[in-house]
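Student: First the structure, which I've put down as structure tokens, then a few questions once you've had a look.
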């Protein structure tokens, strides 16, 4: 059998297997798999360089199914490559199977979870950046995109960045099957529409018939010969190709074929072809950046330092100490102070401009290759990338996020710039860590602790300078808290800016004979339940204060912690309950009812 | 003074006033204002049609400062147009002033809050869609964009949609001043870069010197003569134009001028020019869609109906009854069932394709003109538009969101498609309403209640069919709850899918002699504290169960409700604490520990 005939047969097998596994499951997206089968057959047979026995080999290419709903095709490819058995293929979508409805890294050959459209390409940009600028290895990143997902702005962010960085190691295969879930896409089969857009962003584009093995081979050869630019293959395909009952028809999305048996017959019946995927080029080893020692920055107790500034210094120190730490910023590095890392380690700093989705996606891509990314912007603007953060958890990705300018305490810039929902949204990410230091030395310790932390870690920093209250040698483990002031009448719980307000309130209360215990809850998740329980038992109640909306933040974290321990106590939760405006930080803390005065008032009520 | 000289002078005044107010405030973005002053002078003097005495006039043009940090320029324009006094101008950024750091609708001439970059253009698309397809009036939408924000994917979603819909009533003025906050933009002054991208998306582009009044006039005339396509003016400008100390320099972003006095002198000193802005064309009245009555759908108690299906029927009914209700969907209308509205009211249905940011932005834009948008997609995918939802609250926008396919109960599709953070993230939006019905008739009532609700309202619907337990005549006010089963031993609190599990658990517990009260907490925010307090007082404790992560959802809402009432009670919160996988809904509810068995176990422990 000649090569093109083999690929035709292999593609038919991929279609048949996609139908078989989704029919067995009773759900899934076989028609979206069938359209891309010829592209994948060609990729597996001669263009992908990948060792399925060693998915961690740094020389491997990377293959991302950005159209994650084509999981039947991916799993059929894994079978054809000998990575999984036919028996396992037929466990698709069953409880306990690794072959989930949309791919996740539960499979060792899957780098990242997909299924939220428009994420695979920006994550691919991250891996391609890692290849070029970090690993400095010639592996390629292949991304299978659907045409519907080209409507996502995140895809255009990826096109921009890949073009700007001239990522000649990135190849997108766009399966232009014309049909979305409910309707035709904006551009149908107008490949030129896509080509013009991609070319404008600096991509090389190739248009082809996605069911013609010769044209596919020709395009893949051209693509791999171009190392100067990212390349986009725009392939006209038909959804459900090869089965007349469903081919190129609306209403056939996301469901098993009506008559699988006859469809399989129409496709020539089951096959059991194995494809020999090329091994990766073993030349070269991943680049290692030199380290220079790097002392932990130390801040003098009693001085005033913004925690965002301490973040920047800690990040630079980590860069000094470790070659695997990298930083990304959304064009606000002089606000987040990631500029300190940029200045010291420009080769490991990535300017992501104002495109937060691409920034988080790039961090996810870089950690695929073992790098330790820290991505920073204003706390408020991580809301722009929330879907990427959510999916990072499904990807079991280890990423570190730093959100500066938290809360009303930023002052004059007003509510658009105030992160007031970051604690809630970041807590509600599976396996996440949420930190909110109140002091510069504490910030340094927490940033250090983030670097080897699994999952999504988030640190919230303040714009304004706050007093340094801890010595540089004090330790602050994640999951801990600190009793900053002891007292047995009442407990005040704060973090970040409100810790300082709580301390002021405690001094005021002391002058009235009320002894307030003050807890610095710098680790919002995981939370130090034990210290809270002790406070609940030993004092008359807790007042929590947070520069955040009342929902899902510090106050509710405390309530949850106590409830989980089965402990009941009076808790008053102070939070931002009115829409803020512009003003001086102190005015806004007062307006929000989270300043020392409000905390003291709440404490008096509880202590009475 | 001839017209071009007047505009030159007016632009200088706008610069001087931008410097004056930001210097008075001690913060703000004068240099970003100065670059666009000539564009705005020309727009005010002859091209904008707007009645500042009647900002609610439906014939008015709309002007959005997508680069919201150029607020000094906006407020200087308001002064020049006679809308505000010089005295008020100098209250900029002070506590209590309407002139916030970034514009908000606290000012009657501001449609929407900006300051999170990349939002103004997609919202402008929404207003322009309203003009063309809803109001059917010839007003124009003008959007002042920064060049840095062109890196946001949301801007490209807007370009796509505007081009696709041929919005000839939309004109973007891009202030290409080359410099971002920390560095040069990707494209610098390469106007062709932007032009190619916009042209590819179907825009007409005009390149010009943004400080040359003749070129600006020429471009604006061409732009207003083109009603077939959206038009983008790409203007080369200099940040801080006119003041040598800051002009075209990095490091001058977001701070008052170092020497305001000499800068004002360099600009020729203060002026007090007034500009007469053209009145809007009063011809025509906003289109009103015909209503057809429309009966409330009724579902039979004991039948099984998915709440997403009831949503679709309720939405269609609202469309039948009211001409102001419109619907948008992110290309999943056959999943969310907004297709029922689309079929009945195709002229008021907007297909937003897979671009959730543009979808929510369009809804925000349409409500500016008084329309009542309902936007729907999978619950999980609203995370893509979270920043727009956050900013909708700052905009005081009334929008309605419907998220289907909530939680692990969706089954085989796996975690990428499961909305498990929607309650947390939507609760943490100021003034939001969060609803989670368990039954089809209840869903209809809640959708009805959303239509005139202020702020951001969110309804969460389930994929699978659940038993209808309420009659069609029962009422479910927002902020209420329903005791579905009485009992004095223990209380079970659920909503949506878990309400049904709680009912099963209660039946099981009853067979063991434990009488469980079951509360349907369909209104998660606002929450019915009174009913929860009664339950806390009258039973031995509460078990909450939610198909959501443990953070920020139903369980913490209950804890907050009780704490706010000063009531203490044992509460066990059941939620999804492990990463879900694919499987049958019942398997996944069991795996998550939120099924009837888990609820009954928790209740037994509390009741013991």
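Protein chains in written order, with full-length UniProt numbering: chain A, 1 to 608; chain B, 1 to 608. Ideal Cβ placement from N, Cα and C applies to all residues, glycine included.
1. Using CA atoms only, rank isn't needed, just tell me which of A:439, A:516, A:26 is closest to residue 301 (chain A).
2. Residue 427 (chain B) to residue 90 (chain A), Cα distance in whole Å?
3. Does the Cβ-Cβ distance between residue 352 (chain B) and residue 328 (chain B) come in under 8 Å?
4. If I'm right that residue 237 (chain B) touches residue 461 (chain B) with Cβ under 8 Å, what's the distance once you round it to whole angstroms?
5. Using DSSP with H/G/I as helix, E/B as strand and the rest coil, what is residue 373 (chain B)?
6. Where does residue 65 (chain B) fall in DSSP's three states?
7. In the DSSP output, what is residue 517 (chain A) paired with across the bridge?
8. When the Cα atoms are used, what is the spatial distance from residue 189 (chain B) to residue 176 (chain B)?
9. Tell me where the alpha helix (DSSP H) around residue 522 (chain B) begins and ends.
10. Where do the N-terminal and C-terminal ends of the alpha helix (DSSP H) with residue 467 (chain B) fall, by residue?
11. State yes or no: is the C-beta of residue 356 (chain B) within less than 8 Å of the C-beta of residue 377 (chain B)?
12. Along the chain, where does the alpha helix (DSSP H) that runs through residue 264 (chain A) open and close?
13. Can you name the residues of chain B whose CB is closer than 7 Å to the CB of residue 25 (chain A)?
14. When you check each C-beta in the region 150-164 of chain A against every C-beta of chain B, which residues fall closer than 7 Å?
15. Name the two residues that bound the continuous alpha helix (DSSP H) containing residue 231 (chain B).
16. Check each residue of the region 164-190 of chain A: if its Cβ is closer than 8 Å to any Cβ of chain B, include it; give the result in chain order.
17. Please confirm if the region 142-155 of chain A is in contact with the region 115-127 of chain A, defined as three or more CB-CB distances below 8 Å between the two stretches.
18. Along the chain, where does the beta strand (DSSP E) containing residue 399 (chain A) start, and where does it finish?
19. Using the beta-carbon count (16 or more within 10 Å), is residue 18 (chain A) buried or exposed?
20. How many Å lie between residue 591 (chain A) and residue 481 (chain B) at the Cα?
21. Hey, is residue 341 (chain A)'s beta-carbon within less than 8 Å of any beta-carbon in chain B?
22. By Cβ distance, which residues of its chain are closer than 6 Å to residue 25 (chain B), with the 5 residues on each side in sequence left out?
23. Report the residues of the region 551-570 of chain B with a CB closer than 8 Å to any CB of chain A, ordered along the chain.
24. Count the other C-beta atoms from every protein chain shown that fall within 10 angstroms of the C-beta of residue 391 (chain B), then say buried if there are 16 or more, exposed otherwise.
25. What residue range is occupied by the uninterrupted beta strand (DSSP E) comprising residue 422 (chain B)?
26. Applying a beta-carbon distance threshold of less than 9 Å, which residues of chain B neighbour residue 584 (chain A)?
27. Using the Cβ count rule (16 or more neighbours within 10 Å means buried), how would you classify residue 287 (chain B)?
28. Any Cβ of chain B within less than 8 Å of the Cβ of residue 609 (chain A)?
29. Can you look up residue 353 (chain A) in the DSSP assignment and give me helix, strand or coil?
30. Would you report the Cα separation of residue 178 (chain A) and residue 463 (chain A), rounded to the nearest angstrom?
31. Under 8 Å, do residue 552 (chain B) and residue 556 (chain A) count as touching if we go by C-beta distance?
32. Closer than 8 Å, Cβ to Cβ, to anything on chain C: give me those residues from the region 100-129 of chain B, in chain order.
33. When burial is assigned at 16 or more other CB atoms within 10 Å of the CB, is residue 581 (chain B) buried or exposed?
34. Does the beta carbon of residue 581 (chain B) sit closer than 8 Å to a beta carbon anywhere in chain A?
35. Counting only C-beta atoms, is residue 381 (chain B) closer than 8 Å to chain A at any point?
36. Which residues, in chain order, does the region 427-440 of chain B contribute to contact with chain A at a C-beta distance below 7 Å?
Tutor: So, to answer that:
1. A:439
2. 41 Å
3. yes
4. With 8 Å as the limit, residue 237 (chain B) and residue 461 (chain B) do not qualify as a contact, their Cβ atoms being about 48 Å apart.
5. strand
6. strand
7. A:491
8. 6 Å
9. It is not in any alpha helix (DSSP H) - residue 522 (chain B) carries neither H nor E in the DSSP assignment.
10. Run containing residue 467 (chain B): none in the alpha helix (DSSP H); it sits in the beta strand (DSSP E), 465-467.
11. yes
12. 260-266
13. 412
14. 151, 152, 153, 154, 156, 157, 160, 164
15. No alpha helix (DSSP H) contains residue 231 (chain B), which is instead part of the beta strand (DSSP E) from 231-236.
16. 164, 180, 181, 182, 183, 185, 186
17. yes
18. 399-404
19. buried
20. 32 Å
21. no
22. 92, 93
23. 551, 552, 553, 555, 556, 557, 559, 560, 563, 564, 566, 568, 569, 570
24. buried
25. First-last for residue 422 (chain B): 422-427, but that is the alpha helix (DSSP H), not the beta strand (DSSP E).
26. 94, 95
27. exposed
28. This structure cannot speak to residue 609 (chain A), because chain A is shown only from 1 to 608.
29. coil
30. 48 Å
31. yes
32. Absent here is chain C; the protein component of the structure consists of chains A and B.
33. buried
34. yes
35. yes
36. 427, 428, 429, 430
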